[in-house]
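Have a look at the structure below, then the notes.
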Amino acid sequence: MIALSYLKQEAVNSLRDNIENNLELYRNGNFEHLIEGDVNTLNGDILIDEFLLKGMHCISNDRDVENSLLISQGIEGLTPYLARDERIWVYLTHTILLNYTRERWPIPEDDNNAISFISDHFFSKGIRGVMRTNSVARLWWAVHLSNKVEGLSLEDSLNTLLHRQDVRGAIAERPTISRSSVIFSSVIKVMNESYNTEEKELFDRKTNRGSMKELNFIAGARLLQGMQEEEVLDIVKGCFSRNG
């Protein structure tokens, strides 16, 4: 394994400002000549397995669960604090995981659509970009969150969290839910039961968003973090029941 690198902020800004000029590179080329001299390395405790990460692909389907598992093995020592740093993810989407990003998020033929699309999936500005739209960061965060769930395997948790992108966003982007191990774990456990049914009723967009909105309000008003998991599970089930 080797130390994880990141781009200088000036390089990130330049790439973002020149998406339109670099459309052909995003579609068919590489960025080695553009970022040469603009790469720094993090301390030796944060490592990547470049060979393993280059094995990520999604030719036939999105393979988000499989690729999240590769991320969990291929990046070691990265903390949630550092994982909010766009410079890391922009480096990966423009180098080691450039081909993966192209496969997972095929760039639209229309140039205007392509510019906004690239901005979303090759960059990661703001917490939404880091947790939901950047092609690589979203997988790292899925693993980080899913590792909080006790009683389910990482793969089962990922299958539940990543089953629908809008549902994932409704859960992961609410700090009162995603930052609390007991609340997040309870949500995933309840949803996993639904995931293992044919109907998957709790993944209905309206049902899920309403339930997460109510749970977010309850979590903000009551100290759920200090409750036993069984108590929190009952509260989560109640939210889904009232919004189903």
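Residue numbers for the sequence shown follow my numbering, beginning at 55 and rising by one.
All residues carry an ideal CB built from backbone N, CA and C; glycine is no exception.
Please state if the CB of residue j and the CB of residue i are separated by a distance shorter than 7 Å.
i: Ser200; j: Leu208; result: yes
i: Thr214; j: Ala273; result: no
i: Val190; j: Thr147; result: yes
i: Ser68; j: Thr95; result: no
i: Arg138; j: Val184; result: yes
i: Leu61; j: Tyr145; result: yes
i: Val290; j: Asn262; result: no
i: Tyr154; j: Met110; result: yes
i: Asp103; j: Gly128; result: yes
i: Gly91; j: Ala57; result: no
i: Ser234; j: Ala226; result: no
i: Arg218; j: Phe257; result: yes
i: Val236; j: Glu283; result: yes
i: Trp143; j: Ser173; result: no
i: Cys293; j: Glu255; result: no
What distance in whole Å lies between the Cβ atoms of residue j and residue i, which are believed to be in contact at a cut-off of 8 Å?
i: Leu77; j: Ala168; result: 6 Å
i: Val286; j: Ser248; result: No, Val286 and Ser248 are not in contact; Cβ-Cβ is about 17 Å, not under 8 Å.
i: Leu123; j: Leu107; result: With 8 Å as the limit, Leu123 and Leu107 do not qualify as a contact, their Cβ atoms being about 12 Å apart.
i: Trp195; j: His175; result: Contact doesn't hold; Cβ gap of about 14 Å is too wide.
i: Asn246; j: Leu206; result: 6 Å
i: Glu157; j: Ile113; result: 6 Å
i: Asn82; j: Leu152; result: Going by Cβ atoms, the distance from Asn82 to Leu152 rounds to 11 Å, so no, they are not a contact pair.
i: Asp118; j: Leu216; result: 5 Å
Terminal residues of the continuous alpha helix (DSSP H) containing residue i?
i: Thr214; result: Leu208 to Leu215
i: Thr230; result: Pro229 to Ser232
i: Val203; result: No alpha helix (DSSP H) contains Val203, which DSSP labels as neither H nor E.
i: Leu299; result: Only positions 55 to 298 of the chain appear in this structure, which leaves residue 299 out of reach.
i: Cys112; result: Note, Cys112: premise wrong, no alpha helix (DSSP H); not H, not E.
i: Ile36; result: Shown here, the chain extends from 55 to 298; a query on residue 36 therefore has no answer.
i: Ile161; result: Where Ile161 is concerned, there is no enclosing alpha helix (DSSP H), given that its DSSP letter is neither H nor E.
i: Asn297; result: Glu283 to Asn297
i: Val221; result: Gln219 to Ala226
Should residue i go down as buried or exposed, given a rule of 16 or more other Cβ atoms within 10 Å for buried?
i: Ser295; result: exposed
i: Glu140; result: buried
i: Leu277; result: exposed
i: His299; result: For residue 299 there is no data in the structure shown, the boundaries of the chain being 55 and 298.
i: Phe271; result: exposed
i: Lys243; result: buried
i: Asp71; result: exposed
i: Ile181; result: exposed
i: Phe105; result: exposed
i: Asn75; result: exposed
i: Asn166; result: exposed
What is the DSSP secondary structure of residue i, reduced to helix, strand or coil?
i: Leu124; result: helix
i: Leu106; result: helix
i: Thr95; result: strand
i: Tyr135; result: coil
i: Leu88; result: helix
i: Leu77; result: helix
i: Phe151; result: Correcting the residue type first, residue 151 is Leu in the shown sequence and not Phe. Three-state DSSP puts Leu151 in coil, outside helix and strand.
i: Ser178; result: coil
i: Ile142; result: helix
i: Leu278; result: helix
i: Ile129; result: strand
i: Leu101; result: strand
i: Ile56; result: strand
i: Gly264; result: helix
i: Asp118; result: helix
i: Asn188; result: coil
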